[in-house]
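Trainee: The numbering of the sequence shown is the working numbering, which starts it at 316 and goes up by one.
We put the beta carbon where it would ideally sit given N, CA and C, even for glycine.
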Amino acid sequence: EEELQKVGQKFEALLLHNLLSTMRDSLPENPLFSESEGEKMYWDMFDESMSEAAASGQSTGITQAIVEELKRQQEQVTPPKGENPFRSLAPAPIDLEPIQPREELTPLPSDQTEFEPIKEHLKIFRPIPGRGIATQ
Numbered sequence: 316e317e318e319l320q321k322v323g324q325k326f327e328a329l330l331l332h333n334l335l336s337t338m339r340d341s342l343p344e345n346p347l348f349s350e351s352e353g354e355k356m357y358w359d360m361f362d363e364s365m366s367e368a369a370a371s372g373q374s375t376g377i378t379q380a381i382v383e384e385l386k387r388q389q390e391q392v393t394p395p396k397g398e399n400p401f402r403s404l405a406p407a408p409i410d411l412e413p414i415q416p417r418e419e420l421t422p423l424p425s426d427q428t429e430f431e432p433i434k435e436h437l438k439i440f441r442p443i444p445g446r447g448i449a450t451q
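1. When you compare the CB positions of residue 329 and residue 362, do they come within less than 7 angstroms of one another, or not?
2. For residue 364, which option in 325, 318 and 412 has the closest C-alpha, if you only look at C-alpha atoms?
3. Identify whether residue 326 lies in helix, strand or coil by the three-state DSSP scheme.
4. Let's see if you can read the secondary structure: which residues bound the alpha helix (DSSP H) around residue 391?
5. In terms of residues, what are the limits of the alpha helix (DSSP H) holding residue 353?
6. Residue 410 by DSSP, collapsed to three states: which one?
7. Please name the residue, chosen from 346, 340, 420 and 406, that lies closest to residue 356 on a Cα-to-Cα basis.
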């Protein structure tokens with residue numbers, strides 16, 4: 316559970332950092348005092364530390380919502396204790412009894428006649444010398 320709490324806080328801090336950075340970027344720039352790269356880096360680090368402080372204080376409740384959702388998802392994936400996690404997903408085999416005893420079964424009759432094409436259909440085909448049958 317402690318690991319889930321840390322993951323939730325890190326995600327909340329990342330979300331809040333993104334929110335603060337976006338809010339800061341939306342402010343109009345002052346034409347008299349342009350920001351240097353060092354100042355931009357300072358404000359980015361400031362936003363990061365503020366977001367981490369806010370995430371650790373449980374002020375928004377985002378961490379708790381994330382932890383609850385992760386727990387719910389873990390319960391769906393993790394099998395209950397004592398249950399084999401590698402069990403088959405196939406249904407259990409059904410014990411079937413034959414309708415007739417094996418001794419009384421007779422084989423299906425087989426037709427011993429050879430294959431003969433239907434003669435009406437042969438009328439539309441004519442043989443091609445050396446190639447077999449072709450359509451008219």
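Mentor: Checking against the coordinates, here is how it stands:
1. Taking the first residue of the sequence shown as 1, we reach residue 329 at position 14. Taking the first residue of the sequence shown as 1, we reach residue 362 at position 47. Contact: no.
2. To locate residue 364, count along the sequence shown from 1; it is residue 49. Comparing Cα positions, the closest option is 325.
3. Within the sequence shown, residue 326 is the residue found at index 11, counting from 1. Correct three-state label for residue 326: helix.
4. Translated into the one-based positions of the sequence shown, residue 391 becomes position 76. Counting along the chain, the alpha helix (DSSP H) containing residue 391 begins and ends at 377-392.
5. Working through the sequence shown from its first residue, we reach residue 353 at position 38. Segment 352-371, the alpha helix (DSSP H) holding residue 353.
6. If you number the sequence shown from 1, residue 410 lands on position 95. Three-state result, residue 410: coil.
7. Position 41 of the sequence shown, counting from 1, holds the residue named residue 356. Selected option, being the one with the closest Cα: 340.
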